[in-house]
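Visitor: This is the structure, below, for whatever I ask next.
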Amino acid sequence: MKLSANVSKEWSGTFDELKHKRDKLQEKLQRVIAEHAQADRQPEVEVERQKKRERRFQLQVERLNQFLQEQEPKYGSEGKEIQSNVVDNESVKMPSSHGVIQGYNAQALVDSKHQVILAAEAFSSQDHENIVPMLEGAKKNLRDIGKDETYFQGKQLTADSNYHSLKSLTVCKNEKIDAYIPDIQFRKRDPRFAEQERFKDGVHGRQRPEAKPDTFTAADFSFDAAKQVYLCPQGKELTCHARNQVNRYRTYDVYHAHPQDCAACPLRARCLSKPSASRRYLSVQAADQPPNLIDAMKAKIDTEQGKRIYARRLGIVEPVFSNICVQKHMDRFTLRTKPKVDIQWRLFALVHNIGKIHNYGLVH
2 MKLSANVSKE WSGTFDELKH KRDKLQEKLQ RVIAEHAQAD RQPEVEVERQ KKRERRFQLQ
62 VERLNQFLQE QEPKYGSEGK EIQSNVVDNE SVKMPSSHGV IQGYNAQALV DSKHQVILAA
122 EAFSSQDHEN IVPMLEGAKK NLRDIGKDET YFQGKQLTAD SNYHSLKSLT VCKNEKIDAY
182 IPDIQFRKRD PRFAEQERFK DGVHGRQRPE AKPDTFTAAD FSFDAAKQVY LCPQGKELTC
242 HARNQVNRYR TYDVYHAHPQ DCAACPLRAR CLSKPSASRR YLSVQAADQP PNLIDAMKAK
302 IDTEQGKRIY ARRLGIVEPV FSNICVQKHM DRFTLRTKPK VDIQWRLFAL VHNIGKIHNY
362 GLVH
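The opening position of the sequence shown corresponds to residue 2 in the working numbering, with each subsequent residue numbered one higher.
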């Protein structure tokens with residue numbers, strides 16, 4: 002669950018953006034100082050107002066200067082700089098059901114019988130990076146009450162598609178956990194959700210834009226078995242460039258066209274990835290794919306049993322988040338920095354568990 006931190010998005014940006022903001026504030030400060038000099042003959046109330054504005058801009062410039070001098074830029078998994086926050090640099094910008102927020106990713110591992118929280122932690126990372134620390138946290142808590150390392154073996158684990166990654170599935174396999182973690186396309190394969198596009202929300206619906214309808218896809222290329230080449234929509238040949246190239250977990254054969262064919266092609270705007278590209282490359286999935294956890298999970302989720310088990314997730318974990326957010330009024334973090342935010346989240350998880358013990362502890 003993504004919750005806002007006790008900070009403003011106004012103070013987020015890359016280092017270049019923050020430097021630009023500082024320069025703009027310095028310009029405002031100079032204008033306010035000039036206005037202040039002219040306002041000496043103004044009424045006392047106006048002079049005090051000018052002093053407050055001047056002090057406010059001065060503090061903001063000092064805060065930005067201090068941050069830029071003491072901190073380093075942050076980089077994401079793809080090596081690109083991501084936005085920092087001047088007030089709480091451990092918080093991150095992330096999409097939520099309420100739009101893009103500056104906050105933390107509050108996680109909870111919940112049991113299905115009584116909705117007791119086995120592990121809770123607040124992260125600055127995306128869901129798919131949190132399976133390992135959440136399982137480790139749950140195992141530590143279970144060791145403290147006398148359970149051994151094999152407690153989770155054979156247990157069912159359901160998580161939404163945000164947790165789907167090769168690393169997450171590998172961890173579950175190594176821990177011998179019966180995991181049900183669908184990929185982001187699983188509903189498109191389910192006929193029950195044929196009309197889901199009608200109900201896209203305003204945040205996630207824009208994250209993965211569809212390819213332009215007039216762009217040629219692999220389906221527009223035909224294979225000539227006799228020559229072992231592919232033919233483009235203009236009838237030009239694409240010869241094999243490389244075989245058995247591994248991209249993540251799949252194996253591909255790569256074909257490419259001759260540069261002279263693409264240079265004068267009237268359809269190059271619909272075929273090439275960008276105007277400066279010299280030739281078209283075509284990646285074709287090899288017929289024989291090595292077994293992998295991603296495809297195995299897709300097949301598992303698409304079964305009737307998989308759909309039934311995964312559907313239970315909503316009634317297990319979401320009421321826990323609703324109880325904490327609505328009934329306990331924990332709808333945003335009031336502290337700053339990850340250690341303090343993490344303590345706040347765990348305290349509310351503890352209060353939730355105390356309620357469960359009160360309701361069910363004596364019975365068992």
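Virtual Cβ for every residue (Gly too), placed ideally from N, Cα, C.
Source: prediction; values computed, not measured.
Taking the alpha-carbon of I34 as reference, which of R57, D17, T15 has the nearest alpha-carbon?
Guide: Closest option to I34, Cα to Cα, is R57.
Visitor: Verify whether the separation of the beta carbon atoms of I268 and Y231 is less than 7 Å.
Guide: Checking the displayed sequence, the identity of residue 268 turns out to be Leu instead of Ile. No; because the gap between Cβ atoms is not below 7 Å, this pair is not in contact.
Visitor: In chain order, what residues of the same chain have a beta carbon less than 8 Å from the beta carbon of L30, not counting five sequence neighbours either side?
Guide: In its chain, beyond the 5 residues on either side, E55, F58, Q59, V62 have a beta carbon closer than 8 Å to the beta carbon of L30.
Visitor: Alpha carbon to alpha carbon, what distance is there between P96 and I358?
Guide: 34 Å
Visitor: As a quick exercise: from A120, L136, Y164, pick the residue whose alpha carbon is nearest that of Q127.
Guide: Y164
Visitor: Any idea if K140 is buried or exposed, counting beta-carbon neighbours within 10 angstroms, 16 or more meaning buried?
Guide: buried
Visitor: Using the rule of at least 16 other Cβ atoms within 10 Å of the residue's Cβ for burial, across every protein chain shown, is A288 buried or exposed?
Guide: With fewer than 16 Cβ atoms within 10 Å of its Cβ, A288 is classed as exposed.
Visitor: Please classify V92 as buried or exposed, where buried requires at least 16 other C-beta atoms within 10 Å of its C-beta.
Guide: For clarity, residue 92 is Ser in the given sequence; the question names Val instead. Buried.
Visitor: Would you call the CB atoms of Q246 and V255 closer than 7 Å?
Guide: yes
Visitor: Among G104, S125, D161, K94, whose alpha-carbon lies nearest the alpha-carbon of L110?
Guide: D161
Visitor: Using the beta-carbon count (16 or more within 10 Å), is S169 buried or exposed?
Guide: buried
Visitor: At the level of alpha carbons, what is the spacing between C233 and H259?
Guide: 11 Å
Visitor: Does the pairing of the region 185-194 with the region 131-145 give three or more beta-carbon distances under 8 Å?
Guide: no
Visitor: Can you tell me the Cα-Cα spacing of V352 and P320, whole angstroms?
Guide: 15 Å
Visitor: Can you tell which of L315, L348, G316, R50 has its C-alpha closest to the C-alpha of M331?
Guide: L348
Visitor: What residue range is occupied by the uninterrupted beta strand (DSSP E) comprising V93?
Guide: 93-97
Visitor: Report the rounded CA-to-CA distance for G147 versus I310, giving the unit in angstroms.
Guide: 28 Å
Visitor: Would you mind listing the alpha helix (DSSP H) stretches within the region 245-324 that are 4+ residues and don't spill past its ends, in chain order?
Guide: 260-264, 269-272, 294-302, 305-312, 314-323
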